[in-house]
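Quick mapping for you: the protein sequence lines, in order, are chains A and B. Heads up: the first sequence runs through residues 1 to 212, numbered per this note's numbering. Heads up: the second sequence runs through residues 1001 to 1267, numbered per this note's numbering. Just so you know, even glycine gets a beta-carbon here, dropped at the ideal spot from N, CA and C. All values reported here derive from a predicted model rather than from experimental measurement. Written below as structure tokens is the structure these notes are about.
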Amino acid sequence: MNHPYMGVIVPASALIPISVVIVKNRSVSREIKTLFFYLLISLAISLVSTTLAVNHISNLFLIHADTVIEAVLLLYFFYLIFPHPIAKKWILLLMITFPLFCMGNLIFLQGPHRYNTYSRPVEAIIFIGLSMLYWWHAGNNTNDQAWTNIPLNWVISGLLLYFSSSFLLFIFSNFILSKYDTSVNIVAWNIHATLILTMYLLFAVGFSKCKT
Amino acid sequence: MQNLEDNYFILIVMGMTGICLLVISFILLQIRSQNKLLKQQKKIQEIELNYRKELLHAIIISQEQERNRIGIDLHDEVGTRLSSLRMIIENFAAGPNMPDPTPAFKLQCKGIIDKAIADVRDIAHNLSPFTTGAYGLIEAIEDLCDPIHQSEKIAISLQYPENDALHRLPDTLALALYRVIAELIHNTIKHARAGEITLTFEINDHLLLIRYADNGIGIKKDIGNKGMGMRNIASRLEMIQAAYTMDTAEGGRGFDMQIKLPLPSTG
Chain A
1 MNHPYMGVIV PASALIPISV VIVKNRSVSR EIKTLFFYLL ISLAISLVST
51 TLAVNHISNL FLIHADTVIE AVLLLYFFYL IFPHPIAKKW ILLLMITFPL
101 FCMGNLIFLQ GPHRYNTYSR PVEAIIFIGL SMLYWWHAGN NTNDQAWTNI
151 PLNWVISGLL LYFSSSFLLF IFSNFILSKY DTSVNIVAWN IHATLILTMY
201 LLFAVGFSKC KT
Chain B
1001 MQNLEDNYFI LIVMGMTGIC LLVISFILLQ IRSQNKLLKQ QKKIQEIELN
1051 YRKELLHAII ISQEQERNRI GIDLHDEVGT RLSSLRMIIE NFAAGPNMPD
1101 PTPAFKLQCK GIIDKAIADV RDIAHNLSPF TTGAYGLIEA IEDLCDPIHQ
1151 SEKIAISLQY PENDALHRLP DTLALALYRV IAELIHNTIK HARAGEITLT
1201 FEINDHLLLI RYADNGIGIK KDIGNKGMGM RNIASRLEMI QAAYTMDTAE
1251 GGRGFDMQIK LPLPSTG
């Protein structure tokens, strides 16, 4: 194993929020359970991806699949947390159109052996927008709880931090791959792994705030 | 030859760092503003709670004062009359060579009993002015104003519309308004050094508007909220969901209070 940090440690860190959900099983809401499935699937995809990489088989096609699964599950998460019917309608529409767009990108534009630099930034834009919409709603609602005691605040912070910080990397990943050598690429994806780790830790804190 | 091309990788990493910092700042600001809002909410709740505690305190004190007053009235008025009646009955005796004392005795007893009945009626009337039949708010206020008029120290001008709405006020509303007006008159007499009181009732679109004004010395704004009487007024008006404003200007410009009470629909 050449890159244990991004290949093993960070993917395995998904077990932290997963175990928090298992411990708090009785008190977690449906939206948190959706994130639990998202984490389980991410962990499984990372395992397959690392196995392929160890055996020197290209795992780029998995990123295309991961984008679709991740987007659908996270969109469903936002579908559950937004009460407004219009927001729900748009999220449902995105749950149908975004996978179609990803498939179109895979088949007609970028193929399975390149990074999906069209669909991944679009996904990031969607989730940055939805996170902002959540804050907008949270600002309008008068809440009698402290910010830090609301589980969703931590989860949305994690998503916003991850998608907005990785946005440039998603756009330029093919550019970095073609222009720079492997060591630079590894640094770039280690930074990405750190952002994922931060998101998982914020998820874990959020899940731990669920009251029994 | 110097390499003039930028290292795009470094630029991308710097861009990512910048965005990351921006998002962190956004989240921290969000936390700060929400916590600030929460603190403000708690402070407002605390102020409201204290206000309610003070109102409750005022209600309890005024209840005790009222009980005390009733006790004194019963003891001093009715009690004294009954004691004297007992004494008269005890001392009643017919001498052998004296004229029949029964008619005079009867007259004296009847007189004392009548006075005791009048005292009890007065006490009952003070407790609840609306216990006697068709007696309405305006009549009760007129009764309240009569002795003040007679004293010729303060002139009271009472204006009200000639319609049934005021007579049809439910007893709870009428009693609360009566108590508020009685308290205002009491305050004017006791503190305002006023020569004139104006009390106006108007009915406008299912809204009863009451204006109470005097030409006294006015009251300080902070006293307007702290005095026991004013707290009583506030609590009674809150109880009947009436809105009110007070002009507590000093310097001889008097005191002015306006009360707005939505009238219950008659169905």
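A/Ile150, DSSP secondary structure in three states: Locating residue 150 of chain A in the first sequence gives position 150, where the first residue counts as 1. Coil.
Of all the CB atoms in chain A, is at least one closer than 8 Å to the CB of B/Ile1019? Here residue 1019 of chain B corresponds to residue number 19 of the second sequence, with the count starting at 1. Closer than 8 Å: yes.
C-alpha distance - A/Cys102 paired with A/Gly139, whole-angstrom precision: For the purposes of this step, residue 102 of chain A is identified with residue 102 of the first sequence, where counting begins at 1. For the purposes of this step, residue 139 of chain A is identified with residue 139 of the first sequence, where counting begins at 1. If I take the Cα positions, the gap works out to 33 Å.
In angstroms with no decimal places, state the Cα-to-Cα distance between B/Gly1267 and A/Lys88. As a position in the second sequence, residue 1267 of chain B is number 267, starting the count at 1. As a position in the first sequence, residue 88 of chain A is number 88, starting the count at 1. With a pLDDT of only 48 at B/Gly1267, under the threshold of 50, the placement of this residue in the model should not be trusted, and no figure is reported.
Comparing the C-beta of A/Tyr200 with each C-beta of chain B, is any distance below 8 Å? Along the first sequence, read from residue 1 onward, the residue named residue 200 of chain A stands at position 200. No - not a single Cβ of chain B is within 8 Å of the one on A/Tyr200.
May I ask you to report which of helix, strand or coil DSSP gives B/Gln1108? Position 108 of the second sequence holds residue 1108 of chain B. Here B/Gln1108 sits in helix by DSSP.
Taking C-beta pairs closer than 8 Å, name the residues in chain B that A/Tyr180 reaches, listed in chain order. To locate residue 180 of chain A, count along the first sequence from 1; it is residue 180. Ordered by position in chain B, the residues that pass the 8 Å Cβ test against A/Tyr180 are Phe1009.
Chain-ordered neighbours of A/Val122 on chain B, where CB pairs are closer than 9 Å: For this step, residue 122 of chain A is matched to residue 122 along the first sequence. Under the 9 Å cutoff, chain B gives no residues; its nearest Cβ is about 17 Å from A/Val122.
To the nearest angstrom, report how far apart B/Glu1090 and B/Ala1192 are at their CA atoms. Translated into positions along the second sequence, residue 1090 of chain B becomes position 90. Translated into positions along the second sequence, residue 1192 of chain B becomes position 192. Straight-line Cα distance between these residues: approximately 50 Å.
Answer yes or no: do A/Leu92 and A/Phe203 have a C-beta to C-beta separation smaller than 8 Å? The count along the first sequence starts at 1 and reaches residue 92 of chain A at position 92. The count along the first sequence starts at 1 and reaches residue 203 of chain A at position 203. Taking 8 Å as the Cβ cut-off, A/Leu92 and A/Phe203 do not qualify as a contacting pair.
Reduced DSSP category for B/Asn1204 - H, G, I as helix; E, B as strand; rest coil: Counting from one through the second sequence, the residue named residue 1204 of chain B turns up at place 204. Three-state result, B/Asn1204: strand.
When you compare only the Cα positions, how much space is there between B/Leu1263 and B/Leu1207? Within the second sequence, the letter at position 263 stands for residue 1263 of chain B. Within the second sequence, the letter at position 207 stands for residue 1207 of chain B. B/Leu1263 and B/Leu1207: Cα-Cα distance of roughly 5 Å.
N- and C-terminal bounds of the beta strand (DSSP E) containing B/Tyr1244: Locating residue 1244 of chain B in the second sequence gives position 244, counting from the first residue. Per DSSP, B/Tyr1244 belongs to the beta strand (DSSP E) from 1243-1247.
For chain B, check one thing: does any of its Cβ atoms lie closer than 8 Å to the Cβ of A/Trp135? Indexing the first sequence from 1 puts residue 135 of chain A at position 135. Yes, A/Trp135 counts as interfacial toward chain B.
Would you mind giving the Cβ-Cβ distance between A/Phe167 and B/Ile1024, rounded to the nearest angstrom? I have them listed as a contact below 8 Å. Locating residue 167 of chain A in the first sequence gives position 167, where the first residue counts as 1. Locating residue 1024 of chain B in the second sequence gives position 24, where the first residue counts as 1. In fact, because the Cβ distance is near 15 Å, the residues do not count as touching under 8 Å.
Helix, strand or coil: how does DSSP classify B/Lys1260 here? Taking the second sequence and counting its residues from 1, one reaches residue 1260 of chain B at position 260. Correct three-state label for B/Lys1260: strand.
Which of helix, strand or coil does DSSP assign to B/Phe1255? To locate residue 1255 of chain B, count along the second sequence from 1; it is residue 255. Reduced to three states, the DSSP call for B/Phe1255 is strand.
Where DSSP assigns a beta bridge to B/Asp1214, which residues make up the other side? Counting from 1 along the second sequence, the entry for residue 1214 of chain B is found at position 214. Per DSSP, B/Ile1197, B/Phe1255.
Any heavy atom of the ligand ADP closer than 7 Å to the Cβ of A/Pro121? Looking for the ligand ADP in the displayed structure turns up nothing, as the structure carries no ligands at all.
B/Leu1035: contacting residues in chain A (beta-carbon distance under 8 Å): As a working mapping, residue 1035 of chain B is identified with position 35 in the second sequence. Going by the sequence as given, residue 1035 of chain B is Asn instead of Leu. Going along chain A in sequence order, the residues near B/Asn1035 (Cβ under 8 Å) are Ala146, Trp147.
With distances taken between CB atoms, is the gap from A/Glu213 to A/Phe82 smaller than 8 Å? What the structure shows of chain A is the stretch from 1 to 212, and residue 213 of chain A is not part of that stretch, so it cannot be assessed.
Beta-bridge pairing of B/Ile1156 - partner residues as DSSP gives them: By one-based count along the second sequence, residue 1156 of chain B stands at place 156. Answer is B/Ile1197.
Applying the criterion that 16 or more other CB atoms from any shown protein chain within 10 Å of the CB defines a buried residue, is B/Pro1096 buried or exposed? Taking the first residue of the second sequence as position 1, residue 1096 of chain B is located at position 96. Exposed, because fewer than 16 other Cβ atoms sit within 10 Å of the Cβ of B/Pro1096.
Put B/Leu1169 into one of helix, strand or coil per three-state DSSP. Counted from its first residue, the second sequence places residue 1169 of chain B at position 169. Coil at B/Leu1169, not helix or strand.
Distance, A/Ser131 Cα to A/Val20 Cα: Here residue 20 of chain A refers to the residue found at position 20 when the first sequence is read from its first residue. Here residue 131 of chain A refers to the residue found at position 131 when the first sequence is read from its first residue. Answer to the nearest angstrom: the Cα atoms are 23 Å apart.
Could you name the residues of chain A that B/Leu1038 contacts, counting a contact when the two beta carbons are closer than 9 Å? Position 38 of the second sequence, counted from the start, is the residue given in the question as residue 1038 of chain B. Near B/Leu1038 (Cβ distances below 9 Å), the residues of chain A are Asn143, Asp144, Gln145, Ala146, Trp147.
Neighbour list for A/Ser68 in chain B, Cβ cutoff strictly below 7 Å: Position 68 of the first sequence, counted from the start, is the residue given in the question as residue 68 of chain A. A small fix is needed here, since residue 68 of chain A is Val in this sequence, not Ser. Here the premise fails: no neighbours, minimum Cβ distance about 24 Å.
Whole angstroms are fine: how far does the CA of B/Arg1253 sit from the CA of B/Glu1152? In the second sequence, residue 1152 of chain B corresponds to position 152, counting from 1. In the second sequence, residue 1253 of chain B corresponds to position 253, counting from 1. The straight-line gap from Cα to Cα measures roughly 21 Å.
Anything in the region 157-174 of chain A with a Cβ closer than 8 Å to a Cβ of chain B? List those residues in chain order, please. Ser157, Leu160, Leu161, Ser164, Ser165, Ser166, Phe167, Leu168, Leu169, Phe172
Looking at the C-beta of B/Gly1218, does it have a partner C-beta in chain A at a distance below 8 Å? Taking the second sequence and counting its residues from 1, one reaches residue 1218 of chain B at position 218. So no, B/Gly1218 is outside the interface.
Taking Cβ positions only, does B/Met1246 come closer than 8 Å to chain A? For this step, residue 1246 of chain B is matched to residue 246 along the second sequence. It does not; no Cβ of chain A falls within 8 Å.
Status (buried if at least 16 other CB within 10 Å, exposed otherwise) for A/Val10: Position 10 of the first sequence, counted from the first residue, corresponds to residue 10 of chain A. Looking at its Cβ environment, which holds 16 or more other Cβ atoms inside 10 Å, A/Val10 is buried.
Return yes when the Cβ of A/Leu39 is within less than 8 Å of the Cβ of A/Ala14, no when it is not. Residue numbering aside, residue 14 of chain A sits at position 14 when the first sequence is read from its first letter. Residue numbering aside, residue 39 of chain A sits at position 39 when the first sequence is read from its first letter. For A/Ala14 and A/Leu39, yes; Cβs fall inside 8 Å.
For the alpha helix (DSSP H) containing A/Leu185, name the first residue and the last one. Locating residue 185 of chain A in the first sequence gives position 185, counting from the first residue. It should be pointed out that residue 185 of chain A corresponds to Asn in this sequence rather than to Leu. Taken as a continuous stretch (DSSP letters only), the alpha helix (DSSP H) holding A/Asn185 covers 182-208.
Sequence-distant residues of its chain with Cβ nearer than 7 Å to A/His3 (five each side left out): On the first sequence, position 3 is the one that residue 3 of chain A refers to. Closer than 7 Å at Cβ, skipping near neighbours: Ile186.
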